[in-house]
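The next block holds one structure in the form of structure tokens; read it before the comments.
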Amino acid sequence: MDRHSLSTYLNEFLNVAKFKDYAPNGLQVQGKNAIRTIVTGVTACQPLIEQAIALNADAILVHHGFFWKNEPEVLTGMKYKRIKALMDNNINLFGYHLPLDAHHGVGNNVQLAQQLGILNPTVCENVPQDLLWHGHLMQTMSASEFNAHISQVLKRPALHIGDSSKPINTLAWCTGGAQDYIDYAVKMGVDAFISGEVSERTYHSAMEQNIHYFAAGHHATERYGIQALGQHLADKFGLTHHFVDVVNPV
Ligand SMILES: [Zn+2]
């Protein structure tokens, strides 16, 4: 398919116009017009770009692209190398940040719920941009059981904070750097809150507000949305899709 059709389809499918974001959503670096092979990944880092080149990708789709607010505007150093590699190889780069967290089908939050077996994932109406979700477990678990479950599914140790004797059934979650949404989860009265990243203050916040908290990894919690988006495009338009997981322990 051609670049313009793909771009238009994605902007509509992901409701891009609806979001206020910290980076541009959509086509960020223009490449060739004809798109047959796409590579998806979490972050537009150099190893992802190199692997996409090796896979003859016509376009790369990521959750974390370029041109974040407050980053230097100039194309030097690491950023120059990444963008030069894309342009030398005529590869398009598409980035979708909050629209991909929030989407009700392929979004990071819905996809994480599916991976973890969280039932009835529902958006929390009091949080802007559909970024916080809640649901429940099929069976009540102890904190250590649930921690082991997360770590096994995401293939990465999760960090648990909270009173180990309190069982877990209801949950709220937001993937990535969403640790400060813990206060919304407290207001909702759920047993546990999951995000990707954690801060020093999160420990005290969880302990003093008597809620279980799990840091399951920024990268690990955001692997599934972009993958589902790539699969969706492959199914709908017959594109060849490769998901490339560049390991990141954070
Ligand atoms: Zn993120």
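In this note's numbering, the protein residues as written are -4 to 245.
C-beta atoms are modelled at their ideal positions from N, C-alpha and C, and glycine is treated no differently.
These figures come from a predicted structure and were not determined experimentally.
In the structure shown, what three-state DSSP assignment does Q204 receive? coil
Rounded to whole angstroms, what's the CA-CA distance from G102 to G191? Just pull it up for me. 15 Å
Would you call the stretch 202 to 214 in contact with the stretch 8 to 28, where contact means no fewer than 3 C-beta pairs closer than 8 Å? no
Cβ of E217 versus every heavy atom of ligand 1: is any distance shorter than 6 Å? yes
Determine the contact status of L127 and Y176, defining contact as a CB-CB distance below 7 Å. yes
Going by beta-carbon coordinates alone, are V193 and Q46 separated by less than 7 Å? no
What residues are listed by DSSP as bridge partners for G21? G90
In angstroms with no decimal places, state the Cα-to-Cα distance between V37 and C169. 16 Å
Identify the residues that DSSP records as bridge partners of F188: which are they? A167, Y208
With respect to 6 Å, is the separation between the Cβ of G171 and the closest non-hydrogen atom of ligand 1 below this value? yes
How about the stretch 52 to 63 and the stretch 217 to 237: do they share at least three Cβ pairs that are nearer than 8 Å? yes
For L111, name the three-state secondary structure that DSSP assigns. helix
Proximity of A54 and I33 at Cβ, strictly below 7 Å: yes
Am I right that D16 and H99 are in contact with their C-beta atoms under 8 Å? What's the rounded C-beta distance? Not a contact, Cβ separation roughly 18 Å.
Tell me which same chain residues have a C-beta within less than 7 Å of the C-beta of P42, skipping the five on either side of it? V241
Using 8 Å as the threshold, is the stretch 179 to 186 in touch with the stretch 121 to 139, meaning 3 or more CB pairs across them? yes
Compute the Euclidean distance between the alpha carbons of K13 and L95, then round it to the nearest angstrom. 12 Å
In the DSSP assignment, find the beta strand (DSSP E) that holds F238 and state where it starts and stops. 235 to 238
Going by DSSP, name the residue or residues bridged to I33. A54, H236
Mind checking which residues open and close the beta strand (DSSP E) that includes G130? 128 to 136
Beta carbon of K150, beta carbon of N85: below 7 Å? no
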